[in-house]
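Novice: Sequential numbering of the sequence shown, starting at 20, is according to the working numbering.
Glycine included, every Cβ here is placed at the ideal spot set by N, Cα and C.
Please read these numbers as outputs of a predicted model, since none were measured by experiment.
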Amino acid sequence: MAGRLADQADYDRAGDAMRDFYQRSHRLIDRIMTAQGASFARARILKLVSLSGSLRSIDLASSFGYAPRTVTEAIDALERDGLVRRDPDPEDRRAKRISLTPAGEKAVEAAEGSRLEYMQSVFGVLSAEECDEIVRVVGKLNARLLELGG
């Protein structure tokens, strides 16, 4: 049996719920990470560099949808803090590849602990079936966003 068709009020409620979840979850993860001496934004960059081994600033910018200048400023700060280093790119002598220092690797490990704490704190109230339903619904929305060019 099919459910009723959604209307604008349903869309508004769903959109509001997703926005509220996004904002609250970012505040919580920032609070958890700040207590560990990190930030969510920095941890995301460090994690991607860790997963890649090394990559160019332009690759980071496109992965996150940030302006290249924003990423350059973030990399500058991470380099000043001794978490990343810039090495020549063997394929393009104009470019530099970003990689983690040993301190950066430790920061990624610490951030992973914060991420796990956050995930367990938030999603621990859900059953496996509810997690599956979230994955299904959000997956459907993500597919739609891709169709729309997002």
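#1: What runs of the alpha helix (DSSP H), each 4 residues or longer, lie entirely inside the stretch 54 to 122?
#2: Would you call the CB atoms of Tyr-137 and Ile-64 closer than 9 angstroms?
#3: Closest to Arg-134 by CA distance: which of Asp-78, Ser-58, Gln-27 and Arg-113 is it?
#4: So, under 8 angstroms CB-CB, Leu-102 and Ala-122 are touching, yes? Tell me the CB distance rounded to an integer number of Å.
#5: In the structure shown, what three-state DSSP assignment does Arg-163 receive?
#6: Run through DSSP, which three-state label would Leu-25 get?
#7: Taking a contact to mean a Cβ-Cβ separation below 9 angstroms, would you say Ala-96 touches Thr-89 in this structure?
#8: Going by other Cβ atoms of all chains shown within 10 Å of its Cβ, with 16 needed for buried, is Ala-62 buried or exposed?
Specialist: On the basis of the coordinates in this document:
#1: 59 to 71, 76 to 83 and 87 to 99
#2: Along the sequence shown, read from residue 1 onward, the residue named residue 137 stands at position 118. Along the sequence shown, read from residue 1 onward, the residue named residue 64 stands at position 45. No, the Cβ-Cβ distance between Tyr-137 and Ile-64 is not below 9 angstroms.
#3: As a first step, residue 134 must be located in the sequence shown, where it is residue number 115. Measuring from the Cα of Arg-134, the nearest candidate turns out to be Ser-58.
#4: Position 83 of the sequence shown, counting from 1, holds the residue named residue 102. Position 103 of the sequence shown, counting from 1, holds the residue named residue 122. Leu-102 to Ala-122, Cβ: 6 angstroms. Contact.
#5: For this step, residue 163 is matched to residue 144 along the sequence shown. Arg-163 falls in the helix class under three-state DSSP.
#6: The count along the sequence shown starts at 1 and reaches residue 25 at position 6. This sequence places Ala at residue 25; Leu is not what is there. Three-state DSSP puts Ala-25 in coil, outside helix and strand.
#7: The sequence position of residue 96 within the sequence shown is 77, counting from 1. The sequence position of residue 89 within the sequence shown is 70, counting from 1. No, Cβ-Cβ distance for Ala-96 and Thr-89 is not below 9 angstroms.
#8: Position 43 of the sequence shown, counted from the first residue, corresponds to residue 62. Classification for Ala-62: buried.
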